[in-house]
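When the letters of the sequence shown are read in order and numbered with this note's numbering, they come out as residues 13 to 125.
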Amino acid sequence: MTLSSPTGRLARWALQIQTYNLKIDYFPGKCNVVADMLSRPECSDKQTCELQTVVIDVPSRTAGELRTEQLKDLELKKIIDCFEDINKSVDCELDRRGVRLKSRSTLPLLPTL
């Protein structure tokens, strides 16, 4: 069997999909990260879930107000103090927006809600 003359199931598939404008890209197995999910059968034990909407009013605060509240929390203050006293040779700094790691990521310091 060649791709120019498919037979059997491949021929039936080719006939079904030729009505669509379809482009198939091949990905090697190690690059196809969803292959396992796509090859699994559909889950038969589906459960219905109830959905409820929760609305939380979050007061708007400035960065300075958040910082003041964070410093009032004793556990969070220990963490902030640790970052402020960290060895400067480590590529980590605490700025007004949060913790910056390797000058790429910012992890915001937010109070526990």
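Every residue gets a Cβ at the ideal spot worked out from N, C-alpha and C, and that includes glycine. It should be emphasised that the depicted structure is a prediction, and the values quoted were computed from it without experimental measurement.
Boundaries of the alpha helix (DSSP H) around residue 79: 75-84.
The C-alpha of residue 47 is placed about 23 Å away from the C-alpha of residue 23. In this structure, DSSP gives residue 56 a state outside helix and strand, which the three-state scheme calls coil. Per DSSP, residue 72 has no beta-bridge partner at all.
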